[in-house]
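A.B. asks: Going by the numbering used here, the sequence shown wraps up at 192, each residue one higher than the last.
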Amino acid sequence: MTLITIIIIAVGLAMDTFAISIVSGAVYKELHIKHALRIAFFFGVFQAIMPLIGFLAGMSIKNYITSYDHWVAFGLLCAVGGKMIYESFKIKPAEDSLNPSNIIVLLVLSVATSIDALAVGITLSFLRVSLVEVVSIIGLVTFVLSYLGVFIGKRYGHFFENKIEAVGGLILIGLGIKILLGHLAV
């Protein structure tokens, strides 16, 4: 897997955390750098840990599905991408109860937004990848986009939120198709 592909996966996975970061930034009345760093840290760490857990789970079943692992990878990436696109079009209630300063809220948001990364981690176990490199890049990209998202949210509010999540879904579906076509062409 090339570095560009890993970065594209990382960006696709980070789109939901980016969207939540934008909403979080819009919620703060007084935004300080420490707020953005805390949100970015939580999202980055969880987005890095979940693919690791998924990778380890995938390794335990890899021997049983080797002959059709590309179909599994394709299915998982399309399911995750489709879910992200679907979620981007759902009408969401106002985020009045969202308080990103609350550690419990931040933990719940971190877990909820990193479930997709768990599924991608399972997919990664079927590919030849450097796990340390992949989870590091996913965590770093998520950290940077989440950090920037908080400030974008403070400035522009909810304008971009749904569109970004849909783009992330399309990226993951595209990667699923690329993996499938790569295996079918062999």
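Cβ coordinates follow ideal geometry from the N, Cα and C atoms, glycine included. Small disclaimer: the values here were computed from a predicted structure and weren't measured.
Would DSSP call P106 helix, strand or coil?
C.D. replies: Translated into positions along the sequence shown, residue 106 becomes position 100. Note: P106 maps to coil in three-state DSSP.
A.B. asks: Smallest Cα separation from G155: which of I71, D122, G88 and F47?
C.D. replies: In the sequence shown, residue 155 corresponds to position 149, counting from 1. Comparing Cα-Cα distances from G155 to each of I71, D122, G88 and F47, the minimum goes to F47.
A.B. asks: Should C84 and I185 be called a contact, given that it needs their Cβ atoms to be closer than 7 Å?
C.D. replies: Start at 1 with the first residue of the sequence shown, and residue 84 comes out as number 78. Start at 1 with the first residue of the sequence shown, and residue 185 comes out as number 179. Against a cut-off of 7 Å, the Cβ pair of I185 and C84 comes out as no contact.
A.B. asks: Once DSSP output is grouped into helix, strand and coil, what is the label at Y34?
C.D. replies: Position 28 of the sequence shown holds residue 34. Three-state DSSP puts Y34 in coil, outside helix and strand.
A.B. asks: Across the segment 31 to 46 and the segment 55 to 70, are there enough close Cβ pairs to call them in contact, namely three or more that are closer than 8 Å?
C.D. replies: In short, these stretches do not touch, since the Cβ pair count stays below three.
A.B. asks: What did DSSP end up calling K89 once you bin it into helix, strand or coil?
C.D. replies: Residue 89 sits at position 83 when you count from the first residue of the sequence shown. DSSP places K89 in helix when its eight states are reduced to three.
A.B. asks: Check this for me: beta carbons of V78 and I67, under 7 Å apart or not?
C.D. replies: The residue labelled residue 78 in the question sits at position 72 within the sequence shown. The residue labelled residue 67 in the question sits at position 61 within the sequence shown. For V78 and I67, no; Cβs fall outside 7 Å.
A.B. asks: Pick from A42, E93 and F80: whose alpha carbon is nearest that of D22?
C.D. replies: Against the sequence shown, residue 22 aligns to sequence position 16. Selected option, being the one with the closest Cα: E93.
A.B. asks: Measure how close the beta-carbons of S27 and G159 come, nearest whole angstrom, since I'm counting them as under 8 Å.
C.D. replies: The residue labelled residue 27 in the question sits at position 21 within the sequence shown. The residue labelled residue 159 in the question sits at position 153 within the sequence shown. That belief holds up - the Cβ atoms of S27 and G159 are roughly 6 Å apart, short of 8 Å.
A.B. asks: What three-state label does DSSP hand M7 in the structure shown?
C.D. replies: What you label residue 7 is simply residue 1 of the sequence shown in a count that begins at 1. Reduced to three states, the DSSP call for M7 is coil.
A.B. asks: For the ligand GTP, any of its heavy atoms closer than 6 Å to the Cβ of I128?
C.D. replies: The ligand GTP is not part of this structure, which contains no ligands at all.
A.B. asks: Which value, in whole angstroms, describes the spacing of the CA atoms of S107 and Y74?
C.D. replies: On the sequence shown, position 101 is the one that residue 107 refers to. On the sequence shown, position 68 is the one that residue 74 refers to. For S107 and Y74, the distance between alpha carbons rounds to 44 Å.
A.B. asks: How many angstroms separate the CA atom of V117 from the CA atom of H41?
C.D. replies: By one-based count along the sequence shown, residue 117 stands at place 111. By one-based count along the sequence shown, residue 41 stands at place 35. C-alpha separation (whole angstroms): 18 Å.
A.B. asks: Put R134 into one of helix, strand or coil per three-state DSSP.
C.D. replies: Mapped onto the sequence shown, residue 134 falls at position 128. Three-state result, R134: coil.
A.B. asks: Can you tell me the Cβ-Cβ gap for A16 and T129, rounded? I've got them flagged as a contact below 8 Å.
C.D. replies: As a first step, residue 16 must be located in the sequence shown, where it is residue number 10. As a first step, residue 129 must be located in the sequence shown, where it is residue number 123. Actually they are not in contact, since the Cβ atoms of A16 and T129 sit about 14 Å apart, beyond 8 Å.
A.B. asks: Taking its Cβ as the centre, do 16 or more other Cβ atoms sit within 10 Å of G87, making it buried, or is it exposed?
C.D. replies: Looking up residue 87 in the sequence shown gives position 81. By the neighbour-count rule (16 or more Cβ atoms within 10 Å), G87 is buried.
A.B. asks: With a Cβ-Cβ cutoff of 7 Å, do I170 and F24 count as a contact?
C.D. replies: Translated into the one-based positions of the sequence shown, residue 170 becomes position 164. Translated into the one-based positions of the sequence shown, residue 24 becomes position 18. Yes, these two residues count as a Cβ contact at 7 Å.
A.B. asks: Measure the alpha-carbon distance for F49 versus V111 and round it to whole angstroms.
C.D. replies: For this step, residue 49 is matched to residue 43 along the sequence shown. For this step, residue 111 is matched to residue 105 along the sequence shown. Going by the C-alpha atoms only, they are around 12 Å apart.
A.B. asks: Taking DSSP as the reference, what is the three-state secondary structure of K68?
C.D. replies: In the sequence shown, counting from the first residue as 1, residue 68 sits at position 62. Reduced to three states, the DSSP call for K68 is helix.
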